[in-house]
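I have placed the structure first, in the form of structure tokens, so that the comments after it can refer back to it.
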Amino acid sequence: MILGTCNLGLLSPPHEGPYGRSVRTRNRSHSCNAFPRTLRASSDLVAVEPSLKKSHGKRRCECFDMHKELIPYKEAWMWQKSIVERRHTLMERDEDHSDMMIILQHPPVYTLGTASLEEYMKFDVRDSPIDVYRTERGGEVTYHGPGQLVMYPILNLRYHKMDLHWYLRSLEEVVIRVLSSNFSIKATRLKGLTGVWVGNQKVAAIGIRVSRWITYHGLALNVTTDLTPFQSIVPCGIRDRDVGSLSGLLGGSPFDHDRLIEVAYEALMNEFSNVFQLSLQFEQIPDLKSSEKDSLRSSKCI
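Plus 6 on top of the position in the sequence shown (first one is 1) and you've got the working numbering.
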């Protein structure tokens with residue numbers, strides 16, 4: 007199922023990124039050693055099955071926190087796919103006991119959904135100024151870059167609600183609560199569109215895929231993002247609306263850019279936990295297996 011609108015390794019020394027932020031990049035690929043790839047191919051689930059949601063306690067969610075780092079898009083993408091495959095295996099064994107979530111930033115990159123139209127890109131895709139990837143998520147083209155917090159929940163909706171529209175609205179609710187409770191900004195949904203808006207400006211894009219009721223891809227919140235690269239595309243295929251950022255909305259904010267990222271990150275984690283009723287547990291980032299490194303090498307830009 008697809009729906010929406012729009013890694014890891016040894017740390018390099020910190021360097022100065024956009025707006026004078028101190029950021030780190032990875033110089034060697036990593037992923038989760040605990041989630042080996044499986045040989046069994048599987049198709050997406052299309053029939054509704056009974057929910058496994060329990061009426062007591064919070065489900066555990068393992069969090070991989072890289073929100074201060076710039077993780078190449080391809081590495082994070084392949085990592086998500088390997089985790090989803092492992093989760094399928096765990097489900098078959100009735101051993102899928104926790105959800106997962108990855109939070110990070112990306113170096114500049116454009117991504118397209120499975121059916122995205124290249125007409126929404128204002129340049130020759132074969133001569134792109136930055137990497138471009140066509141993925142299996144829903145939605146049209148969008149941009150990821152430094153200063154944007156990207157959250158990839160990998161949830162088993164059998165333990166929540168087996169309803170994709172509910173899941174999309176819940177992701178929107180996380181961002182709406184973040185902006186309201188922490189920054190006194192009134193954010194809204196727009197009928198017929200996915201994402202979070204403040205006035206005419208879209209501040210958070212959402213694009214997901216769900217495989218056998220396991221979610222991946224997710225949401226991106228523009229915090230201190232340089233919005234210039236959005237001018238080279240029609241973001242999410244929407245021509246008559248703008249893209250905004252939290253720093254732009256706040257104007258003369260007392261927060262410097264690093265502090266604004268931290269406040270937004272802490273608020274996202276808190277509201278994500280509250281909306282999905284999850285108990286967050288932070289995990290270390292193990293090494294990527296050689297088979298997954300091969301997959302990274304074989305995944306090409308378009």
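Cβ coordinates follow ideal geometry from the N, Cα and C atoms, glycine included.
| Asked | Found |
| --- | --- |
| Starting from N228, follow the beta strand (DSSP E) in both directions and report where the run begins and ends. | I220 to N228 |
| Could you tell me how far apart the beta carbons of T76 and H112 are, in whole angstroms, since I believe they sit closer than 8 Å? | Per the sequence shown, residue 76 should be read as Leu rather than Thr. Going by Cβ atoms, the distance from L76 to H112 rounds to 6 Å, so yes, they are a contact pair. |
| Terminal residues of the continuous beta strand (DSSP E) containing A210? | Q207 to S217 |
| For D248, tell me which candidate among G205, G213, E272 and I220 has the shortest Cα-Cα distance. | G205 |
| Could you tell me the alpha carbon to alpha carbon distance between L274 and V229, rounded to whole angstroms? | 11 Å |
| With a threshold of 8 Å between beta carbons, is Y149 in contact with chain C? | Included in the structure is just one protein chain, with no chain C present. |
| Distance check for G257 and P56, CA to CA, integer angstroms please. | Because P56 carries a pLDDT of 46, less than 50, the predicted location of this residue cannot be relied on, and no value is offered for it. |
| Over the uninterrupted beta strand (DSSP E) stretch that includes T148, give me the two end residues. | T148 to H150 |
| Report back the beta-carbon spacing between L317 and M157 to the nearest angstrom; my notes put them in contact at under 8 Å. | A query on residue 317 cannot be resolved here, the shown segment of the chain reaching from 7 to 308 and no further. |
| State the Cα-Cα distance for the pair Y149 and H103, rounded to the nearest angstrom. | 33 Å |
| Within this structure, are the beta carbons of I212 and K128 separated by less than 8 Å? | no |
| Can you tell me which of the three DSSP states R140 falls into? | strand |
| When DSSP builds the beta bridges, which residues end up paired with R66? | S104 and S285 |
| Please report the distance separating the alpha-carbon of T231 from that of Q207. | 14 Å |
| Pick out the complete beta strand (DSSP E) segments inside the region 123–202, 3 residues or longer, and give them in chain order. | 137–140, 148–150 and 154–160 |
| Can you list, in chain order, the residues of its chain with a C-beta nearer than 6 Å to that of L177? Leave out the 5 residues immediately preceding and following it. | I212 and L225 |
| Does the distance from the C-beta atom of I220 to that of H94 stay below 8 Å? | yes |
| Quickly, what does DSSP pair D248 with across the bridge? List them, please. | Q207 |
| With L96 as the anchor, note down where its beta strand (DSSP E) starts and where it stops. | Segment Y79 to E98 is the alpha helix (DSSP H) holding L96; no beta strand (DSSP E) there. |
| Got a sec? Which residues, its chain only, sit under 6 Å from E277 by beta carbon, not counting five neighbours each side? | V180, R183 and V184 |
| Looking at the secondary structure, which residues open and close the beta strand (DSSP E) in which L118 lies? | V115 to L118 |
| Rounded to whole angstroms, what's the CA-CA distance from M84 to L123? Just pull it up for me. | 23 Å |
| Between P159, A121 and I136, which has its C-alpha nearest K87's C-alpha? | P159 |
| Using CA coordinates, which residue listed in D105, I244, L110 and S259 is at the minimum distance from R164? | D105 |
| On the three-state DSSP scale, how would you describe H73? | strand |
| Which partner residues of V233 appear in the DSSP bridge assignment? | Sequence check: residue 233 is Leu here, not Val. Answer by DSSP bridge pairing: none, since L233 is not bridged. |
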